[in-house]
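J.: The sequence shown maps to residues 437 to 837 in the numbering used here.
All residues carry an ideal CB built from backbone N, CA and C; glycine is no exception.
Because the structure is a prediction, the values reported are computed rather than measured.
Sharing a structure, written as structure tokens. Questions coming.
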Amino acid sequence: MEATKFWIRLPGGPSRGGDLNRNWSFATLAGMLADYAVRVERTRGRRYPEPPHPYRNDFQRDRDRVIHTRAFRRLENKTQVFTARGSDHFRNRLTHTIEVAQISRTLAEQLELNVDLAETLALVHDIGHPPFGHAGEKALDAAMRRHGLFFDHNLHALRIVEDFELRYAAFRGLNLTFEVREGIIKHSRDYAAADHPELGEYLLEQRPPLEAQLIDLTDEIAYNTADLDDGYEAEILTVEQICDGVPAFARAYGEAEKRYPQAIEKLKFNEALKRFFNEMVTDLIENTRSRIVAAKIGTLEDVRRHPQRLAAFSAKVDEERRQAKTFLYANLYYSPELKSDKERAEQIVGELFDFWMVHPEELPRSYQAKAEEEPLARVVCDYIAGMTDGYIEKQWVVVSG
Ligand code: MG
């Protein structure tokens, strides 16, 4: 059944004249969700039952718990793409996270999903990332594989919220609702139950709710556009280069040029990027909506039991997204300008990992105690993964003398 829709009048409404679309806003009443949305009153709950809060629902509380963690604050000093950030104008992992949350709220509202849950999942989606972005993650995984283990940032994020964050007297971790923990694990990929018996409670044979499915795609919209922006700002990418490699951007730039022929290049670039961004967001809303209708999805159970994820771009925009990604890999992520930062990041992570494997007595006391219960490699990995770029740099200076 369609959710009930209504119009609300915002300050400065049409009586003052002006554009109807700008002055009136479409709103969905709190609680008036699509039948396939996650309803907070039907949450599978927390590991340790807690009394309800007088005015915040469980997903709002989870969002606030995530924001108040150390791991969340550390995102500010973790690399998104530019390791040695030449400018404070570039994204870091915290500002990237806020951008993903913004896009996710828009998507969730338009698809009549649970906005609080989508926002919480967006805010927590990168919390398990180690320092130095993708290079740090690759180096940490490589180090773990030398010891027969591996590093996975989603699984690490679950460990952070379940175990590492110590904020409450009654339990370890944040005691988040099932739906948030499930979304942390499943938002970007599926895990085979046979390979991950420890994740058995997370319904691995089922798709996650749409609120979680969205996150991987809003993440990609955020970083594809932001990395073009930062790459251009850093003068690694030029408009001509981007237009050659990303046809959807070229089209948008052509429109911006026609509309603002006198504008300086940077502002035409911004206009083009905004159009490309809007195209991806709108396509994701519309295409996901049509897939929901085509698959005759009526309930959350239908979403979970559907053989594929329902949140998806159309084939056309998916191809454009892929072109942008391929372009960014070839011209930004693997550019000579970023190469030395990346190699340095891999060296620092690799050398520190090996140092603590040989000298566990140099680990902080709390980690030494953990090593009595878990493989040392896992403990060293947890220690490194939690570090900010600044902190790991300092450790490396100390260790390498
Ligand atoms: Mg991300």
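Within the continuous alpha helix (DSSP H) that includes R541, where are the two ends?
T.: Numbered from 1 along the sequence shown, position 105 holds the residue referred to as residue 541. Counting along the chain, the alpha helix (DSSP H) containing R541 begins and ends at R529 to Q546.
J.: Can you grab the Cα-Cα spacing for the pair Y668 / A751, in whole Å?
T.: For the purposes of this step, residue 668 is taken as the residue at position 232 of the sequence shown. For the purposes of this step, residue 751 is taken as the residue at position 315 of the sequence shown. Their Cα atoms are separated by approximately 27 Å.
J.: Beta carbon of A658: closer than 8 Å to some heavy atom of ligand 1?
T.: By 1-based counting over the sequence shown, the position of residue 658 is 222. It does: the Cβ of A658 is within 8 Å (strictly closer) of some heavy atom of ligand 1.
J.: Could you tell me the distance, in whole angstroms, from the CA atom of K841 to the CA atom of K732?
T.: Within the shown structure, residues of the chain are numbered from 437 to 837, placing residue 841 beyond reach of any answer.
J.: Taking only three categories from DSSP, how would you classify R482?
T.: As a position in the sequence shown, residue 482 is number 46, starting the count at 1. Three-state result, R482: strand.
J.: Given Y819, which residues of its chain have a CB within under 6 Å of its CB, disregarding the five upstream and five downstream residues?
T.: As a working note, residue 819 is residue 383 in the sequence shown. Contacts found: Y803.
J.: Looking at the structure shown, is T505 part of a helix, part of a strand, or coil, going by DSSP?
T.: As a first step, residue 505 must be located in the sequence shown, where it is residue number 69. T505 falls in the coil class under three-state DSSP.
J.: Taking the alpha carbon of L768 as the reference point, which residue from S540, T661, H489 and P488 has its own alpha carbon closest?
T.: For this step, residue 768 is matched to residue 332 along the sequence shown. When each option's Cα is compared against that of L768, the closest is T661.
J.: Relative to ligand 1, is the shortest distance from any of its heavy atoms to the C-beta of D663 smaller than 8 Å?
T.: For this step, residue 663 is matched to residue 227 along the sequence shown. Flag unset: Cβ of D663 not near ligand 1.
J.: Looking at the structure shown, is T661 part of a helix, part of a strand, or coil, going by DSSP?
T.: One-based indexing of the sequence shown puts residue 661 at position 225. Correct three-state label for T661: helix.
J.: Helix, strand or coil for T824, going by three-state DSSP, please let me know.
T.: Taking the first residue of the sequence shown as 1, we reach residue 824 at position 388. Of the three classes helix, strand and coil, the one that applies to T824 here is coil, per DSSP.
J.: Count the other C-beta atoms from every protein chain shown that fall within 10 angstroms of the C-beta of L736, then say buried if there are 16 or more, exposed otherwise.
T.: Counting from one through the sequence shown, the residue named residue 736 turns up at place 300. Counting Cβ neighbours within 10 Å, L736 comes out buried, since at least 16 surround it.
J.: Quick check on P680: buried or exposed, where buried means 16 or more other Cβ atoms within 10 Å of its Cβ?
T.: Within the sequence shown, residue 680 is the residue found at index 244, counting from 1. Correcting the residue type first, residue 680 is Asp in the shown sequence and not Pro. Result: exposed.
J.: With the cut-off set at 9 Å, would you say V536 and D666 are in Cβ contact?
T.: Sequence index remark: in the sequence shown, residue 536 carries index 100 (1-based). Sequence index remark: in the sequence shown, residue 666 carries index 230 (1-based). Not closer than 9 Å, so no.
J.: Determine, using beta-carbon pairs with one atom in the stretch 694-706 and one in the stretch 521-532, whether at least three such pairs fall under 8 Å.
T.: Verdict: no, contact absent.
J.: So what's T515 in DSSP terms, helix, strand or just coil?
T.: Taking the sequence shown and counting its residues from 1, the one referred to as residue 515 is at position 79. T515: strand per DSSP, three-state reduction.
J.: Short check: CB of A708 to CB of A730, under 9 Å?
T.: As a first step, residue 708 is located in the sequence shown; it is residue number 272 there, counting from the start. As a first step, residue 730 is located in the sequence shown; it is residue number 294 there, counting from the start. Taking 9 Å as the Cβ cut-off, A708 and A730 do not qualify as a contacting pair.
J.: Drop a sphere of 10 angstroms on the beta-carbon of N457, count the other beta-carbons inside from all chains shown, and report buried for 16 or more, exposed for fewer.
T.: Mapped onto the sequence shown, residue 457 falls at position 21. Residue confidence is low: N457 scores 40 on pLDDT, short of 50, so the model does not pin down where it sits. Its coordinate-derived value is still stated next. The residue is exposed, with fewer than 16 neighbouring Cβ atoms inside 10 Å.
J.: Under three-state DSSP, which class holds T735?
T.: The residue you call residue 735 lines up with position 299 of the sequence shown. Looking at T735 - three-state DSSP - the assignment turns out to be coil, as it is neither helix nor strand.
J.: Could you pull out every unbroken alpha helix (DSSP H) segment of at least 4 residues lying fully inside the stretch 749-807, listed in chain order?
T.: Within the stretch 749-807, the complete alpha helix (DSSP H) runs of at least 4 residues are 751-764, 772-794 and 801-806.
J.: Under 8 Å Cβ to Cβ from V833, same chain only, skipping five residues before and after it: list those, please.
T.: For the purposes of this step, residue 833 is taken as residue 397 along the sequence shown, with counting starting at 1. Closer than 8 Å at the Cβ level, and outside the excluded window around V833, lies no residue.
J.: Ligand 1 and T556: does any heavy atom of the ligand fall closer than 8 Å to the residue's C-beta?
T.: What you label residue 556 is simply residue 120 of the sequence shown in a count that begins at 1. The answer is no for T556.
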